[in-house]
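Take a look at the structure set out below.
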Amino acid sequence: MSKTIAIYFSDSEPMAYPFNKKQYLEIYQQIISELESRGIKVFIVRGDSYIKNGRFGKGWQFVNEKLKESAGEVHVDLIFNRDDKNTIPIIDDCKIINQPEFDQLCVDKVKTFETFPDISPKTASIHSYQGYLEQIEKWRMKPEEMIVLKKNFETEGRGIFIIPIADVKKSSYKDWNNVMVQEFIDSSIGIPGITDGLHDLRVTVINGKPINSFLRVPKKGSYLANVAQGGSGTSIDLKKVPKEVIEFVYRIDKKVKKYYPAIYSADFIHSGKGYRLLELNSRPGVQHPEWSKTYKKFNDGIIEMLIAAVNE
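According to my numbering, the sequence shown is numbered sequentially starting from 2.
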């Protein structure tokens with residue numbers, strides 16, 4: 002009997018993100034075509050359609066490069082979580098990549114810090130402007146020092162401020178609930194042999210194996226290296242990734258191994274204090290030849306991971 006995989010996205014409309022972007026649409030169609038050629042059915046599922054026990058209210062399949070809605074409920078053996086807005090419910094009654102506990106470890110940046118405190122910037126969770134003031138006082142920081150504020154659980158650089166403490170106002174956020182305050186790490190010294198200035202270095206990992214790496218640099222006048230915020234990315238040969246970073250990846254994976262099968266990326270920055278883990282991302286996007294020299298290695302890794310997981 003053939004197995005079925007559901008690929009979950011946040012938005013409810015069938016051709017919404019990521020299929021409204023040509024490159025993402027192309028790559029997902031290629032991945033799905035390969036899975037189907039190996040005898041696996043693949044459905045796109047979205048929004049709040051999950052019922053229970055691997056059942057969704059509806060789904061869509063690509064037929065002649067067009068999405069066709071299912072006639073009724075969709076029953077699946079494996080869910081591949083591609084949620085970009087943290088809308089997916091906690092699913093513990095069907096096999097899912099990534100497992101909810103690991104997904105939350107990555108999504109919740111405070112949990113990431115608490116799990117890897119010795120290699121991460123100081124991080125704390127606050128829920129009010131007064132809580133922010135108390136945290137700054139606790140850390141004994143001066144008004145001229147830089148601080149990082151993030152809306153916890155957000156992605157793609159949304160809700161981030163990297164500014165002097167003196168510039169933080171109560172009006173910086175309409176709602177200070179679930180705000181994360183983090184030590185600022187100055188990466189302007191670059192990475193020897195790779196870049197001369199501000200950056201972050203991403204390593205993508207599938208089941209413990211580093212697959213590829215990207216250098217991301219912010220646009221002029223910004224500290225945010227996220228491509229969604231105007232940053233730019235360049236593929237980096239894994240052989241050029243600093244040894245210390247790869248050692249950190251393996252240290253991280255020792256704690257992640259219990260969640261296999263797992264896919265994630267780890268973002269690092271380099272400063273005068275060495276390398277630090279900025280964040281983990283449990284939903285790294287598929288890769289396109291316009292963005293990555295090693296896109297095929299990564300996308301093939303996703304395919305093989307899904308095939309192995311659904312057949313276990």
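Just so it is clear, CB atoms sit at the ideal spot from N, CA and C, and this is done for glycine as well. Computed from a predicted structure; not experimentally measured.
Roughly how many angstroms lie between the CA atoms of residue i and residue j, to the nearest whole one?
i, j, result
"N82", "D94", "14 Å"
"Q230", "L134", "Note that Q230 has pLDDT 48, beneath the 50 cutoff, so the model's placement of it is unreliable and no number is given."
"L202", "L216", "5 Å"
"S188", "W61", "44 Å"
"S38", "W292", "26 Å"
"K123", "F63", "45 Å"
"H76", "Y265", "26 Å"
"I89", "S11", "7 Å"
"N313", "K274", "First, the amino acid is wrong: residue 313 is Glu here, not Asn. Spanning the two alpha carbons is a distance of roughly 44 Å."
"T295", "S129", "43 Å"
"G4", "E66", "A small fix is needed here, since residue 4 is Lys in this sequence, not Gly. Looking at the two C-alpha atoms, the distance is approximately 21 Å."
Where does residue i fall in DSSP's three states?
i, result
"A17", "coil"
"S34", "helix"
"Q183", "strand"
"K67", "strand"
"I195", "coil"
"Y174", "coil"
"D252", "Correcting the residue identity first, residue 252 is Arg in this sequence and not Asp. It is helical."
"K322", "The chain is shown only over 2 to 313; residue 322 falls outside these bounds and no answer can be derived."
"I8", "strand"
"A167", "helix"
"V257", "helix"
"F103", "helix"
"V287", "coil"
"T124", "strand"
"M142", "coil"
"V77", "coil"
Look at the Cβ atom of residue i, then the Cβ atom of residue j, and state whether they are nearer than 8 Å.
i, j, result
"V204", "D254", "no"
"N99", "S283", "yes"
"P243", "I192", "yes"
"E74", "F57", "yes"
"S126", "T113", "no"
"V46", "A17", "no"
"M147", "I164", "yes"
"I237", "S214", "yes"
"Q24", "H200", "no"
Measure from the alpha carbon of residue i to the alpha carbon of each residue in the options, then state which is nearest.
i, options, result
"H271", "I8, K110, M181 and G198", "G198"
"P262", "K298, I303 and W140", "I303"
"D49", "I92, L68, I41 and Y251", "I92"
"D109", "R141, K221, V180 and D176", "V180"
"I247", "F269, S236, G234 and Y260", "F269"
"L26", "G286, L307 and M306", "G286"
"A267", "R252, G275, M306 and E184", "R252"
"R277", "F185, M306 and G194", "F185"
"N54", "K96, L68 and K22", "K96"
"N300", "S13, F20, P15 and Q31", "Q31"
Residue i and residue j look like a contact to me (Cβ under 8 Å); what is the Cβ gap, rounded to whole Å?
i, j, result
"K258", "T116", "Their Cβ separation, rounded to whole angstroms, is 13 Å, which puts K258 and T116 out of contact at 8 Å."
"Y9", "D84", "6 Å"
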